[in-house]
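**Q** Chains as they are written, first to last, in this note's numbering: chain A, 445 to 578; chain B, 445 to 578; chain C, 445 to 578; chain D, 445 to 578.
There are 4 protein chains.
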Amino acid sequence: MHAQEIISRHPDVRGNTNAALIRCIEECFDCGQICTSCADACLGEDMVQQMKQCIRACLDCADVCLATGTTASRRTGSNEDVIRRMLEACAAACAACAQECEQHAAHHDHCRICGEACRRCQHACRDALQSMQA
Amino acid sequence: MHAQEIISRHPDVRGNTNAALIRCIEECFDCGQICTSCADACLGEDMVQQMKQCIRACLDCADVCLATGTTASRRTGSNEDVIRRMLEACAAACAACAQECEQHAAHHDHCRICGEACRRCQHACRDALQSMQA
Amino acid sequence: MHAQEIISRHPDVRGNTNAALIRCIEECFDCGQICTSCADACLGEDMVQQMKQCIRACLDCADVCLATGTTASRRTGSNEDVIRRMLEACAAACAACAQECEQHAAHHDHCRICGEACRRCQHACRDALQSMQA
Amino acid sequence: MHAQEIISRHPDVRGNTNAALIRCIEECFDCGQICTSCADACLGEDMVQQMKQCIRACLDCADVCLATGTTASRRTGSNEDVIRRMLEACAAACAACAQECEQHAAHHDHCRICGEACRRCQHACRDALQSMQA
Numbered sequence: 445m446h447a448q449e450i451i452s453r454h455p456d457v458r459g460n461t462n463a464a465l466i467r468c469i470e471e472c473f474d475c476g477q478i479c480t481s482c483a484d485a486c487l488g489e490d491m492v493q494q495m496k497q498c499i500r501a502c503l504d505c506a507d508v509c510l511a512t513g514t515t516a517s518r519r520t521g522s523n524e525d526v527i528r529r530m531l532e533a534c535a536a537a538c539a540a541c542a543q544e545c546e547q548h549a550a551h552h553d554h555c556r557i558c559g560e561a562c563r564r565c566q567h568a569c570r571d572a573l574q575s576m577q578a
Numbered sequence: 445m446h447a448q449e450i451i452s453r454h455p456d457v458r459g460n461t462n463a464a465l466i467r468c469i470e471e472c473f474d475c476g477q478i479c480t481s482c483a484d485a486c487l488g489e490d491m492v493q494q495m496k497q498c499i500r501a502c503l504d505c506a507d508v509c510l511a512t513g514t515t516a517s518r519r520t521g522s523n524e525d526v527i528r529r530m531l532e533a534c535a536a537a538c539a540a541c542a543q544e545c546e547q548h549a550a551h552h553d554h555c556r557i558c559g560e561a562c563r564r565c566q567h568a569c570r571d572a573l574q575s576m577q578a
Numbered sequence: 445m446h447a448q449e450i451i452s453r454h455p456d457v458r459g460n461t462n463a464a465l466i467r468c469i470e471e472c473f474d475c476g477q478i479c480t481s482c483a484d485a486c487l488g489e490d491m492v493q494q495m496k497q498c499i500r501a502c503l504d505c506a507d508v509c510l511a512t513g514t515t516a517s518r519r520t521g522s523n524e525d526v527i528r529r530m531l532e533a534c535a536a537a538c539a540a541c542a543q544e545c546e547q548h549a550a551h552h553d554h555c556r557i558c559g560e561a562c563r564r565c566q567h568a569c570r571d572a573l574q575s576m577q578a
Numbered sequence: 445m446h447a448q449e450i451i452s453r454h455p456d457v458r459g460n461t462n463a464a465l466i467r468c469i470e471e472c473f474d475c476g477q478i479c480t481s482c483a484d485a486c487l488g489e490d491m492v493q494q495m496k497q498c499i500r501a502c503l504d505c506a507d508v509c510l511a512t513g514t515t516a517s518r519r520t521g522s523n524e525d526v527i528r529r530m531l532e533a534c535a536a537a538c539a540a541c542a543q544e545c546e547q548h549a550a551h552h553d554h555c556r557i558c559g560e561a562c563r564r565c566q567h568a569c570r571d572a573l574q575s576m577q578a
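1. For His-548 of chain C, name the three-state secondary structure that DSSP assigns.
2. Inspect the beta-carbon positions of Gly-476 of chain D and Leu-510 of chain D and report whether they are closer than 9 Å.
3. Give a yes or no on whether the C-beta atoms belonging to Met-580 of chain D and Leu-503 of chain D are separated by under 9 Å.
4. Alpha helix (DSSP H) containing Gly-589 of chain B: first to last residue?
5. For Thr-512 of chain A, report the span of its alpha helix (DSSP H) as first-last.
6. Compare the C-alpha of Ser-481 of chain B against each of C:Ala-572, C:Cys-534, C:Asp-456, C:Gly-488 and name the closest.
7. To be precise: take each residue of the region 493 to 505 of chain B, compare its Cβ to all Cβ atoms of chain A, and keep it if any distance is under 9 Å. Which residues remain?
8. Using 10 angstroms around the beta-carbon of Glu-524 of chain A, count the other beta-carbons present and answer buried if the total reaches 16, otherwise exposed.
9. Mapping the DSSP letters down to three states, classify Gln-554 of chain D as helix, strand or coil.
10. Can you find a CB in chain D that lies within less than 9 Å of the CB of Leu-573 of chain C?
11. Listing by chain order, which chain A residues have their CB less than 9 Å from the CB of Cys-534 of chain D?
12. I need the DSSP call for Arg-570 of chain C, collapsed to helix, strand or coil.
13. For the alpha helix (DSSP H) that contains Gln-448 of chain A, what are its first and last residues?
14. Under a three-way DSSP split, which group does Val-457 of chain D fall into?
15. Give me the chain A residues within the contact set of Arg-453 of chain B, using Cβ-Cβ distance strictly less than 8 Å, ordered along the chain.
16. Is the Cβ of Gly-476 of chain D closer than 9 Å to any Cβ of chain B?
17. For Met-491 of chain D, which three-state DSSP category applies?
18. Between the Cα of Cys-479 of chain C and the Cα atoms of C:Asn-462, C:Arg-528, C:Arg-563, C:Met-491, which residue gives the shortest distance?
19. Count the CB pairs spanning the region 531 to 540 of chain A and the region 535 to 550 of chain B that are closer than 8 Å, and state whether there are at least three.
20. Identify whether Ala-522 of chain B lies in helix, strand or coil by the three-state DSSP scheme.
21. For chain A, check one thing: does any of its Cβ atoms lie closer than 9 Å to the Cβ of Ser-522 of chain B?
22. Which value, in whole angstroms, describes the spacing of the CA atoms of Gly-559 of chain B and Cys-472 of chain B?
23. Gly-521 of chain A to Val-492 of chain A, Cα distance in whole Å?
24. Around the Cβ of Gln-448 of chain D, are there at least 16 other Cβ atoms within 10 angstroms (buried) or fewer (exposed)?
25. Excluding the five sequence neighbours on either side, which residues of its own chain have a C-beta within less than 8 Å of the C-beta of Arg-519 of chain D, listed in chain order?
26. At least one CB of chain B closer than 9 Å to the CB of Leu-487 of chain A: is that the case?
27. Near Ile-469 of chain B, which residues of its chain fall below 7 Å by C-beta distance, leaving aside the five closest residues on each side in sequence?
28. Expressed to the nearest angstrom, what Euclidean distance is found between the alpha-carbon atoms of Leu-573 of chain D and Cys-498 of chain A?
29. Determine, using beta carbons only, whether Cys-486 of chain C and Cys-534 of chain C come nearer to each other than 9 Å.
30. Quick one: Cα of Gln-566 of chain B to Cα of Ile-527 of chain A, how far?
31. With a Cβ-Cβ cutoff of 9 Å, do Phe-474 of chain A and Ala-561 of chain A count as a contact?
32. Does any C-beta atom of chain B lie closer than 9 Å to the C-beta of Leu-465 of chain C?
33. Can you give the Cα-Cα distance for Val-508 of chain A and Ile-557 of chain D, rounded to whole angstroms?
34. For the candidate residues C:Gln-543, C:Thr-461, C:Gly-488, C:Gln-494, whose alpha-carbon lies nearest to that of Cys-505 of chain C?
Given below as structure tokens:
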């Protein structure tokens, strides 16, 4: 992705970017795509009856990740409070989805991949939160 | 809207709906549409230079409202923690947007309408949070 | 909803609104919420194995409806070509979802309600397309 | 991104992926993030008065790209007609945004980067359309 390249050109940023927040933005969009695919892959499994909570967690995580990546991409003016709360909600959605997917990782490779992406995004949200509190 | 009608038919709900949460879901979608229109109307104003923070607040609020309305519409399985954090983020985004729009309400009727919608949605998020902690 | 009220205040609209497009915007957000709920309700049903195509159609329809309602809410500048193509995509997504939900309407009341909303939104998209070609 | 990795594990795909569609999905999410940043960067420019159409085109393109990337990520069941129409709408939104951004590319580096991303995504949508008609 190109979040670093585009955000570094923002008139209110002038190259002075927050590396942790930019990494988080890219993880949010990557995780949003992966969770969308994993929810759909779980729905396609024969044992879908056992995948209901996983599908729901993946759909929630995809929605929260994309909204977090979008709001966190804005630099004009300021809304640090809203971004911080979205990063907290996103870390929680990623943790909940990872916990579900990890239970199915041994049987479904898409859940292993999704669980790993959710943990990356969860930690990226935590790092971005710390970088903003600094 | 029809959130009450559709959610009351959910197999995991069986008519036992949370009125505060359902009202919040409808306010989220209404506010998401209104904030999208207000951001665009502010962009169309001659004094757009003074509307930058208002446009940004409206765009953020629209994104957070739609993601909150979507995640809060799901009842299969559970993710009360994620919904609660989204309701908190949504109340914060609505408060920030209302504060901006209220400053322009005397000059721009779309900001008056948007500020009122953001306050309704902010309070609906707070009521829904209380109904879930109960 | 308040699409008529807010859009009529847009500086580029000045009260001269397109009633068919505004009705379509409201149907898109209503249908987006209903399809999100119906996908989740279908996922909660015991016979989820038979509901896979319905869940997928509802999720697609929700995504397309919300993106159509958002882009169609913008009046600054112009992008009639993009709105027209989104209205066509939305009419197609609503028709596909309605066709699925109608097959389950006798057994699942949420599918009956969703099928009706999809038909309303499909026709509202068609009416909006005609009003723009005029 | 990891669209190839996750989609290749889908039970209905079993490794038999459509390379053109997967590349398109990744371009859609990349372009959605870039257009969100560019709209916000344009809003932050002193000459925002001249950037109105560019901001509107970027916001529309971001919404259409993310909805296209999400619907195109689903493989359970089928809705080729909806995906095809979304790919057409996305190609049109990318072309309109690229045309705007290219006019500002010499003055605003974020518009140059965004215009290039929109062209990549426009062509990826066209390639994906051809791969599906085949």
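All C-beta atoms in this analysis are idealised placements derived from N, C-alpha and C, irrespective of residue type, glycine included.
Owing to the predicted nature of the structure, the values given are computational and were not obtained by experimental measurement.
**A** The relevant details are as follows:
1. Residue state, collapsed to three classes: helix.
2. With respect to Leu-510 of chain D, Gly-476 of chain D sits close: the two C-beta atoms are nearer than 9 Å.
3. For residue 580 of chain D there is no data in the structure shown, the boundaries of chain D being 445 and 578.
4. In the structure as shown, chain B starts at 445 and stops at 578, and residue 589 of chain B therefore has no counterpart that could be examined.
5. Unbroken alpha helix (DSSP H) run through Thr-512 of chain A: 496 to 515.
6. Comparing Cα-Cα distances from Ser-481 of chain B to each of C:Ala-572, C:Cys-534, C:Asp-456, C:Gly-488, the minimum goes to C:Asp-456.
7. Under the 9 Å Cβ criterion, the region 493 to 505 of chain B contributes Lys-496, Gln-497, Cys-498, Ile-499, Arg-500, Ala-501, Leu-503, Asp-504, Cys-505.
8. Glu-524 of chain A is exposed by the Cβ-count criterion.
9. It is His, not Gln, that sits at residue 554 of chain D in the sequence shown. The answer is helix: DSSP assigns His-554 of chain D an H, G or I state.
10. False, the Cβ-Cβ gap to chain D never drops below 9 Å.
11. One finds nothing in chain A with a Cβ atom closer than 9 Å to the Cβ of Cys-534 of chain D; even the nearest lies about 15 Å away.
12. Helix.
13. For Gln-448 of chain A, the enclosing alpha helix (DSSP H) begins and ends at 447 to 451.
14. Three-state result, Val-457 of chain D: coil.
15. Within 8 Å Cβ-Cβ: nothing; Arg-453 of chain B doesn't reach chain A, min ~17 Å.
16. Output row for Gly-476 of chain D: interface = no.
17. Coil.
18. Comparing alpha-carbon positions, the option among C:Asn-462, C:Arg-528, C:Arg-563, C:Met-491 lying closest to Cys-479 of chain C turns out to be C:Arg-563.
19. In short, these stretches do not touch, since the Cβ pair count stays below three.
20. It should be noted that the sequence gives Ser, not Ala, for residue 522 of chain B. Coil, per DSSP.
21. Yes, contact with chain A.
22. Between Gly-559 of chain B and Cys-472 of chain B, the C-alpha separation is close to 13 Å.
23. Their backbone Cα atoms lie some 45 Å apart in a straight line.
24. Looking at its Cβ environment, which holds fewer than 16 other Cβ atoms inside 10 Å, Gln-448 of chain D is exposed.
25. Apart from the 5 residues on each side of it in sequence, Arg-519 of chain D sits with its Cβ closer than 8 Å to the Cβ of Ile-451, His-454, Asp-456, Val-457 in its chain, given in chain order.
26. By this cut-off, Leu-487 of chain A is not an interface position.
27. Within its own chain, the residues whose Cβ lies closer than 7 Å to the Cβ of Ile-469 of chain B, once the five positions on either side in sequence are excluded, are Ala-447, Gly-513, Ala-516, Ser-517, listed in chain order.
28. Roughly 31 Å between the two C-alpha positions.
29. Pairing Cys-486 of chain C with Cys-534 of chain C gives a Cβ-Cβ distance that is not under 9 Å.
30. Cα to Cα, Gln-566 of chain B sits roughly 16 Å from Ile-527 of chain A.
31. The sequence shown places Asp at residue 474 of chain A, not Phe. Yes.
32. Using beta-carbon distances, Leu-465 of chain C does not count as an interface residue toward chain B, since no partner is under 9 Å.
33. Approximately 26 Å, taken between the alpha carbons.
34. Sorting C:Gln-543, C:Thr-461, C:Gly-488, C:Gln-494 by C-alpha distance to the C-alpha of Cys-505 of chain C places C:Gln-543 at the top.
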